[in-house]
Amino acid sequence: MAASRRDFLKLAGASSAGAVVFAGCTIPAREMKVESPTRIPEDLVTGRDNWYATAGTRGNGVIVRVMEGRALKVEGNPDHPVNQGKSSVWDQALVQLLYHPDRYQRPLRLNGPRGSGNYAPLSWSDAIAQAAEAVRGATGGRLVVMTPPLSGPTLVAVEAFVRALGGSLLTLDLNDDAVYRAAVQRVFGAEALPDYDLARANTVLSIGADWLGAWGNPVRSGIGYGQFRQGKATRGYLIHIDSRFSATAANADEYVPCRPGSEGLVALAIAQALMAGNFGDPAAYPSGGAQALAAFAADQVAAQTGIPAERIRAIAQRLGQNRPAVVIGGGSAGAHTNGLFNLTQILNLNHLLGTVGRPGGVRLNPAPPAIPNFTAPFRSGTSSFTSWQGEMIRLRQLGSAAVILVFNVNPVFSLPPALGVREVMLNAGRVISFSTLPDETSELADLILPSHSPLEEWGVEVPDHGPGYQVVTFKQPVVNRVFDTRQFGDTILDVMRAIGGEVVRAVPFPTIRDGARLFVQPFFDRRAGSVTAETFDLFLNGVQQRGGWWSTAITQAAATRPASFATSPEPARFAGDDSYPFFLQPFMSPTLGSPEGAQLPWLQQTPDPVTTMAWGTWVEINRRVADRLGVREGDVVVVESPTGRIEAPVYINYGTPDWTVAIPIGNGHTAGGRWQKGVGVNPIGLLADLTEPQTGALAWAATRVRLTKTGRRVPLTKLEGYVPAVQLKGAEALKITNKDS
Amino acid sequence: MAERKRWGMVIDLDRCTGCQACVVACQAENNIPLNTPDIVLQARSIQWIRVERYWSGIDENDPAKVKVGYLPVLCVHCTNAPCEPVCPVYAAYHNPEGLNVQVYNRCVGTRYCANNCPYHARYFNYWEREWPEPLNFQLNPDVTIRSKGIMEKCTFCVQRIRRAERRAKFEGRTVRDQEFTTACAQACPTGAIVFGNLADPSSLVSQLAKDARHYRLLEHLGTEPGVYHLKKVDPNYQGAEKSR
Ligand code: SF4
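This is the structure:
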């Protein structure tokens, strides 16, 4: 359903990375023709639809169908190298975020005690003046700005603002795998996250990372996965090792449960078996090889990992013999106190298999480009859990002297309550929210200066999970603003101007839109890449139409280095003694995608791929554990950890290991829009504050829990039951073959 | 110019990961009402395409043995559609391009068709549905909003077919293979869904339908579905494969 303009682009660029030269354009004559109304087929409204390219979720590029000024449908941008025309449930739901009826529709001022929810409207000029008044005196570390990771001109504006006032910027993203980022840096020496060439791999081993669920960019992984399975001569074979039966486990040829925190040992045992069997790439063997790792031989660690020795040897043999083989590690494997150790050992297997920088292996991505005249990086990092802890202690001491600005993050909900974010907010001098939708955090604000939704914004982004070469996505509004809102970055620039004095001199550009122009100027100057043009205005036009700028010439060479494995183990620590017999595996719901996803009915109602559950929170245990507890599906159980307690119904997940209790994150909101408030329970309060010491990341899989039955039962909101859970014997609807063709 | 058409689809179960992108894409394209928790609990959710998940190999003593399979199911646009002859008002009719079409303003809501559909692909509107403002701004003007008492189901995105045919006619040509596709196929990251003209032997969908792994749902009923599924591959599968 691409417009003819897009067809032209398709033809002009040989591939999605092909260059398009933009010259002055005229409308083709055939597009001016009008069809006779008598010929209009039933069910079709006349009118022109336009497609506008912008940024989607998780680094995807999208095109949005707009008719009569309304955004109707999101599709993947077929030109965008990251997602190549494909899209996710989260991309699709962007239109529901745009037209959400519970969005903040105008600036609001608190009219009563903080947290009372009583607000009165005020004008933008008054709102800016009041925000400037609150912020003006907040120098000397009294200003804290909380946002999601920012990029491009918005980051430059916010950094300039924070720097001018001597404040601090705290970012939060529950999907940011900080430990994985650190492990990538150690193992591959690359600043950017790598790309896995699944399409050409024959064997994929993943440990912990739910890359077909909510980890990384599942659209990009999905494209590779389709090719891996049926897009080449030999069908790829997937092995997934995890302490939870995830969406990736559900699609694996072999799912191997392991004990939580032992993922690094598993990798060492595989490395040992590879070298002992002479399977990997002998040139990449570390000195001493198998001998040095003898202590981690499969038989030695079987009890600790929960994986039988012969299974490890079989995995090693398959990896070594069916190359190219690639190893992905992340997610729960890194969410332990020894997370960095685990992920480093796992990713190191790629060196041993000789797949770094080779087809079917690990493709490194270039670092985001530096933009002349701006000192801020292209993309901000994510603040670690320990920096949040530190800032909360500092803010508590500051008390009413603190001024807190929040934009589209919800730390009151997303961080363990023990951190005291709520108390800090209640006691702060001023709390100003810039959020798009109400939530637990914005409800504590004195002043609300609501922001645009992503489809109304300008920006420049670099995808986190790039395709192996430089990609810059251009973000533009696809419709006029729906409510009386403003883009966050623009509001910050306005506040800076209203503060006056020294601060005004720090304003980097008049608007974010102007900032976005400055950000793409260097790519115009290169006169190469996916868009080239005679003048800058034509270039900008081209970038807006194509959805960004990319260049296959800008890559990151992989340095071949020998694998280096640890020779002493780093065991994981857990919160909770033996009276808490289970290990809690909280996971990001693959349908909600983030805690903010709970606002959108399309995401709430979509069945979770493994359990078919919608609209709620559930507790996954296996049948054997359920029998032992005397519970059936739908029975409400108490889940208790040393730090918290929740109640939720049981779902029997047959693949869950005996030692695991898995609970999805995202629901359990006590505030917010009509579709999120009061749905499910929030398991984040169960988490102890153990961290991975080198990165300061929260070790979110390091809490032990116990289960007790309540005797209550609730019906489950799931698709299963409408359709059977298991197939009828002899009349299977889904047919399976073992023929590998 | 008058080219024969039989719109159809191939869904490769070995590619499908159960990600649900197709489901939400369909809801966005076809003005499907919101499935609120009470509706889900009553098993009256409307999903023109749904992804059925099946457990197999359940072994209480070894969780590692369990397998999951995903089966996207939509109206398979049968050649011999059991829903059509039972409709007293001819709301379910067969169009010349192989589509099984629901004419909303004929439907009187007897639900005979739903009873007769072996695929559970027809959905009834038990309530008048609402899109709280301004959520209604998102609704697709190409697609009718169905009122209470009306049966609805997958149309193979007929509005997209019509648009493509109209464009081709303007340009004095026939519709090219893969120049457009359904909302579900367009979103599907893994490329599991392919839509096209089964009457054209050179189309991608015709080629894929010949794959050795092809089968059709409940084929023994003689409904002649226009949707082909390709079997999931499990190299460790021990089950009976002898019949084929
Ligand atoms: S979008 Fe594709 S991969 Fe995802 S559930 Fe649908 S058919 Fe399967």
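Chains as they are written, first to last, in my numbering: chain F, 788 to 1528; chain E, 154 to 397. Ideal Cβ positions, reconstructed from N, Cα and C, are used throughout, including at glycine. On a predicted model such as this, the values are computed, not experimentally measured, just so you know.
Can you find a CB in chain F that lies within less than 8 Å of the CB of residue i?
{"i": "R168/E", "result": "yes"}
{"i": "D387/E", "result": "yes"}
{"i": "S300/E", "result": "no"}
{"i": "T343/E", "result": "yes"}
{"i": "G392/E", "result": "yes"}
{"i": "V177/E", "result": "yes"}
{"i": "L252/E", "result": "no"}
{"i": "A104/E", "result": "It is not possible to answer for residue 104/E, since the shown part of chain E is limited to 154 through 397."}
{"i": "C260/E", "result": "no"}
Using beta carbons (cut-off 8 Å, strictly below), is residue i in contact with chain E?
{"i": "S875/F", "result": "yes"}
{"i": "S823/F", "result": "Caution applies to S823/F, whose pLDDT of 42 falls short of 50 and renders its modelled position unreliable; the value that the coordinates give is listed next. Not closer than 8 Å to any Cβ of chain E, the Cβ of S823/F fails to qualify, so no."}
{"i": "N1038/F", "result": "yes"}
{"i": "M1375/F", "result": "no"}
{"i": "W838/F", "result": "no"}
{"i": "Q1017/F", "result": "yes"}
{"i": "A816/F", "result": "At A816/F, the pLDDT of 43 sits below 50, so the modelled position is not reliable and the matter cannot be decided from this model."}
Could you please give me the residues that DSSP links to residue i through a beta bridge?
{"i": "H247/E", "result": "N253/E"}
{"i": "S955/F", "result": "V931/F"}
{"i": "L224/E", "result": "E205/E"}
{"i": "A1449/F", "result": "Q1372/F and E1407/F"}
{"i": "D165/E", "result": "L383/E"}
{"i": "W1336/F", "result": "V1259/F"}
{"i": "K1496/F", "result": "V1424/F"}
{"i": "Y1042/F", "result": "H1027/F"}
Tell me which same chain residues have a C-beta within less than 7 Å of the C-beta of residue i, skipping the five on either side of it?
{"i": "H887/F", "result": "L1224, Q1386 and G1460"}
{"i": "A986/F", "result": "G1011, Q1014, F1015 and G1018"}
{"i": "A1034/F", "result": "D997, L999, G1000, P1377, P1396 and V1397"}
{"i": "A352/E", "result": "R157, K158 and R159"}
{"i": "E829/F", "result": "Because the pLDDT at E829/F is just 43, under 50, the model does not fix this residue reliably, and the point stays unresolved."}
{"i": "A340/E", "result": "A174, C175 and A178"}
Could you tell me the distance, in whole angstroms, from the CA atom of residue i to the CA atom of residue j?
{"i": "Q883/F", "j": "Q291/E", "result": "8 Å"}
{"i": "E442/E", "j": "E182/E", "result": "Past the edges of chain E, shown from 154 to 397, lies residue 442/E, and the structure says nothing about it."}
{"i": "Y368/E", "j": "G392/E", "result": "17 Å"}
{"i": "L227/E", "j": "I202/E", "result": "4 Å"}
{"i": "S802/F", "j": "V1307/F", "result": "Model confidence at S802/F stands at a pLDDT of 45, short of 50, so the residue's coordinates are unreliable; what they give is reported in the following sentence. Each residue's Cα considered, the two are about 22 Å apart."}
{"i": "F795/F", "j": "R316/E", "result": "Residue placement at F795/F cannot be trusted, given a pLDDT of 41 that sits under 50; the coordinates are not used to answer."}
{"i": "A1232/F", "j": "F1128/F", "result": "41 Å"}
{"i": "R1100/F", "j": "K1526/F", "result": "24 Å"}
{"i": "Y1509/F", "j": "V176/E", "result": "16 Å"}
{"i": "L1474/F", "j": "V1199/F", "result": "14 Å"}
{"i": "P1047/F", "j": "F1323/F", "result": "54 Å"}
{"i": "L956/F", "j": "Q1463/F", "result": "28 Å"}
{"i": "A234/E", "j": "T1447/F", "result": "47 Å"}
{"i": "S993/F", "j": "H1027/F", "result": "5 Å"}
{"i": "F948/F", "j": "R973/F", "result": "33 Å"}
{"i": "G1116/F", "j": "N278/E", "result": "46 Å"}
{"i": "L831/F", "j": "V1208/F", "result": "Confidence at L831/F is low in this model, with a pLDDT of 46, below 50, so the placement of that residue should be treated as unreliable; the coordinate-derived value is given next. Approximately 52 Å between the Cα atoms of the pair."}
Excluding five sequence neighbours on each side, which residues of the same chain lie with their C-beta closer than 8 Å to the C-beta of residue i?
{"i": "F1270/F", "result": "R890, Y891, Q892, R893 and P1237"}
{"i": "R835/F", "result": "M854"}
Apart from the five residues just before and just after residue i, which ones in its own chain have a Cβ nearer than 6 Å to its Cβ?
{"i": "P1394/F", "result": "A1401 and L1506"}
{"i": "T334/E", "result": "F348"}
{"i": "C236/E", "result": "A245, C266, N269 and C270"}
{"i": "A1215/F", "result": "A1189 and I1191"}
{"i": "N1137/F", "result": "V1114, V1143 and V1149"}
{"i": "G1147/F", "result": "D984, R987, A988 and P1111"}
{"i": "I346/E", "result": "I164, C337 and A338"}
{"i": "G1186/F", "result": "N1214"}
(request) Examine the Cβ distances between the stretch 1275-1294 of chain F and the stretch 1312-1326 of chain F and report whether three or more of them are shorter than 8 Å. (result) no
(request) Evaluate the contact criterion for the stretch 899-909 of chain F versus the stretch 1241-1248 of chain F: three or more CB pairs, one atom per stretch, below 8 Å. (result) Because the criterion of three Cβ pairs below 8 Å is not met, the stretch 899-909 of chain F and the stretch 1241-1248 of chain F do not touch.
(request) State whether the stretch 1492-1507 of chain F contacts the stretch 191-209 of chain E, with contact taken as three or more CB pairs (one from each stretch) at a distance under 8 Å. (result) yes
(request) Decide yes or no for the touch test of the stretch 1246-1261 of chain F against the stretch 913-922 of chain F: beta carbon pairs closer than 8 Å, at least 3 of them. (result) no
(message) For the structure I just gave you, are there three or more beta carbon pairs, one from the stretch 1166-1174 of chain F and one from the stretch 926-938 of chain F, closer than 8 Å?
(response) yes
(request) Spell out a yes or no on whether the stretch 1337-1357 of chain F and the stretch 1273-1283 of chain F are touching, meaning 3 or more CB-CB pairs, one atom from each, closer than 8 Å. (result) No: fewer than three Cβ pairs fall under 8 Å.
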